[in-house]
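Undergrad:
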Amino acid sequence: MRCEDARFRLFDYVDHTLADRERADLDEHLDTCSSCRSDLESLSDLSLQAKVWHDLPAPRWQPPRVGSGFDSSGLQQWFPSLASALALILVAGLYLQPAQTGLPAPGNSSQTMAGTQLTGNTIPVSTSADALLISNRLERQRELQALVQLLRTEMDRRNEETEESLRYVIAHQLQGQQEIDDLYQYIRKVSLDATPVQEQM
Amino acid sequence: MFGEAPDNKLVARALAGSNSAWNKLIKRYERRVYNYALRMVGNPDDAQDMMQEVFMGVHRNLPGYRGDGVFAAWLFRIAAFRCTDFLRRRRFHSSFDEADGDRISPNEPALEAMATHANEQISRALLDLPVEQRHVVELKFFQHFTFEDIANQLGISPNTAKTRLYAALKKLKSHEELRDAM
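Given below as structure tokens:
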């Protein structure tokens, strides 16, 4: 057995969850490998040290009450979604404005670009020159869909962070303008610097 | 005469509106979560803040708990997330205080409020580890979760959890503070 194979098995060895055959193989390796033997000793030591920890009692605090958050119909749950939706509409509107003024929609002139892109309706073709415009529009449609996805992720994350920050303020009863200013700068920086990240719980 | 109600039963009763069940659930876990927080963040004030954040997270996410796993594993999944977020936020706030990295360095006196010499030494050693490794050490040796549980809680593979634990082991091996705790 190689040391790399032995390493991962050391944890199971200590937990007594290795199969007999694997345990025998590892025993054989440990007999001849001082490095892995030393790792095993450290592992056992660490396990012992964890038992030395003396649990401290939790300090007194006021837990949240049932009914103050389990109800999913409250404004608290609506607010982030509403904010996200409004922000999405606003950004989508700004994004589309130049296209509406600079490039008149081909074919049916009463059909707005926003309607076309967001609902995924078929874009009418009237001339060959329109094909180029449509191609551009389809490209922008793809970009917009990616942007919408990014914004949804980003808004969810920001809502989460804002909620956390507000909770932090309330929990600590922050006093003084300096601390509030710091918090404002923090939220502002997060908003400006934010990049798509894995959606948080 | 009567055994304690299982977690899942308390969760169900809490979701049905029982404050008593919810408080029992908190009482059952607050000490464990507080000590977890103490080891992860290194000082009692921040540990208390983090404990509260964990239970706020549990409170908010409880309706989504499906009851198909061990409640403790679910709770510590939230705790791991809150802890990572807490430490990230603390690092950000520390930048206002002209400091880089964690506000509490392993050698600062804040750790001396740890009640026992062993606690203090263990905390110093753990704070010397990167957060990712500290998480795995905590969940494996102090919370006694399996690697599969740890992997689920941290969103990594069991082998990554083992790799992190092994790296932590190598680092702790030569840690004098930890030897003193024994």
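Here the protein sequences come in this chain order: A and B.
Numbering (my numbering) for the first sequence: 228 to 428.
Numbering (my numbering) for the second sequence: 2 to 183.
We put the CB at the ideal spot given by N, CA and C, even for glycine.
Going by the CB atoms, is the gap between A:Ala246 and B:Phe142 shorter than 8 Å?
TA: no
Undergrad: Check whether chain A comes within 8 Å of B:Phe56, counting only Cβ atoms and requiring the distance to be less than that.
TA: With 8 Å as the cut-off, B:Phe56 counts as an interface residue toward chain A.
Undergrad: Could you check what DSSP says for B:Ala6 in three-state terms: helix, strand or coil?
TA: Coil, per DSSP.
Undergrad: Let me see if you follow: with CB-CB separation under 8 Å, is B:Ile27 close to chain A or not?
TA: Closer than 8 Å: yes.
Undergrad: Counting along the chain, where does the alpha helix (DSSP H) carrying B:Tyr167 start and finish?
TA: Segment Pro159 to Lys174, the alpha helix (DSSP H) holding B:Tyr167.
Undergrad: What does A:Val241 reach in chain B if we use C-beta pairs closer than 8 Å?
TA: Those within 8 Å of A:Val241 in chain B number zero; the least Cβ separation is about 10 Å.
Undergrad: In whole angstroms, give me the CA-to-CA distance for B:Gly102 and A:Tyr411.
TA: At B:Gly102, the pLDDT of 45 sits below 50, so the modelled position is not reliable; the number obtained from the coordinates is stated separately. Rounded to whole angstroms, B:Gly102 to A:Tyr411 spans 21 Å at the Cα level.
Undergrad: In whole angstroms, give me the CA-to-CA distance for B:His118 and B:Arg32.
TA: 19 Å
Undergrad: Using only the alpha-carbon positions, how far apart do A:Ser299 and B:Leu16 sit?
TA: Below a pLDDT of 50, predicted positions are generally treated as unreliable, and A:Ser299, at 46, falls in that range; no measurement from the model is reported.
Undergrad: So if I threshold CB-CB distances at 7 Å, which residues from the region 165-179 of chain B count as touching chain A?
TA: Leu166, Tyr167, Leu170, Leu173, Lys174 and Leu179
Undergrad: Counting only C-beta atoms, is A:Leu245 closer than 8 Å to chain B at any point?
TA: No, because no Cβ of chain B sits closer than 8 Å to the Cβ of A:Leu245.
Undergrad: With a threshold of 8 Å between beta carbons, is A:Leu365 in contact with chain B?
TA: Output row for A:Leu365: interface = no.
Undergrad: Strictly under 8 Å for the Cβ-Cβ distance: is B:Trp75 near chain A by that measure?
TA: no
Undergrad: Residues of chain B with CB closer than 9 Å to the CB of A:Gln368, please, in chain order.
TA: What A:Gln368 touches in chain B: nothing, since even the nearest Cβ is about 33 Å away.
Undergrad: Please tell me whether B:Ser158 has its Cβ less than 8 Å away from any Cβ of chain A.
TA: Not a single C-beta of chain A is nearer than 8 Å to the C-beta of B:Ser158.
Undergrad: Residues of chain B with a CB under 8 Å from the CB of A:His281: which are they?
TA: Those are Ala116, Thr117, Ala119 and Asn120, listed as they occur along chain B.
Undergrad: Please determine, among B:Asn9, B:Ala169 and B:Gly43, the residue with the shortest C-alpha to C-alpha distance to B:Ala73.
TA: B:Asn9
Undergrad: Roughly how many angstroms separate the alpha carbons of A:Trp288 and B:Arg135, rounded to a whole number?
TA: Taking C-alpha positions only, A:Trp288 is separated from B:Arg135 by approximately 26 Å.
Undergrad: Assuming the contact rule is C-beta atoms closer than 8 Å, B:Val138 and B:Leu63 should be a hit. Round their C-beta distance to whole Å, please.
TA: With a Cβ gap of about 28 Å, B:Val138 and B:Leu63 do not count as contacting.
Undergrad: Apply the 10 Å Cβ neighbour rule to B:Val34 and answer buried if 16 or more other Cβ atoms are within range, or exposed otherwise.
TA: buried
Undergrad: Rounded to a whole number of angstroms, what is the C-alpha to C-alpha distance between B:Phe82 and A:Glu249?
TA: 35 Å
Undergrad: Residue range of the alpha helix (DSSP H) that B:Ser19 falls in?
TA: Careful: B:Ser19 lies outside any alpha helix (DSSP H) and carries neither H nor E.
Undergrad: Give the secondary structure of A:Gln289 by DSSP, where H, G and I count as helix, E and B as strand, and everything else as coil.
TA: coil
Undergrad: Within 8 Å (strictly less), CB to CB, does B:Asp86 reach chain A?
TA: yes
Undergrad: Go ahead and pull the three-state DSSP assignment for B:Met264.
TA: Residue 264 of chain B lies beyond the range of chain B shown here (2 to 183); nothing can be said about it.
Undergrad: What is the rounded straight-line gap between the Cα of B:Gln53 and the Cα of B:Asn153?
TA: 23 Å
Undergrad: Under DSSP, the alpha helix (DSSP H) around A:Lys416 begins and ends at which residues?
TA: Gln404 to Asp420
Undergrad: Are the beta-carbon atoms belonging to B:Lys171 and A:Phe235 less than 8 Å from one another?
TA: no
Undergrad: Using only the alpha-carbon positions, how far apart do A:Asn348 and A:Leu365 sit?
TA: Low local confidence applies: a pLDDT of 45 at A:Asn348 is under 50, so the model's placement there is unreliable, and no value is given.
Undergrad: Answer yes or no: do A:Ser418 and A:Arg384 have a C-beta to C-beta separation smaller than 8 Å?
TA: no
Undergrad: Helix, strand or coil for B:Pro64, going by three-state DSSP, please let me know.
TA: In this structure, B:Pro64 counts as helix in the three-state DSSP scheme.
Undergrad: So which residues on chain B does A:Glu391 lean against when the C-beta distance must stay under 8 Å?
TA: Glu54, Asp86 and Arg90
Undergrad: Counting contacts by CB-CB distance shorter than 8 Å, is A:Ala233 in contact with chain B?
TA: no
Undergrad: Just checking: is the beta-carbon of B:Lys163 within a distance shorter than 8 Å of some beta-carbon in chain A?
TA: yes
Undergrad: I want to see whether chain A comes within less than 8 Å of B:Asn20, judged by CB atoms only; does it?
TA: yes
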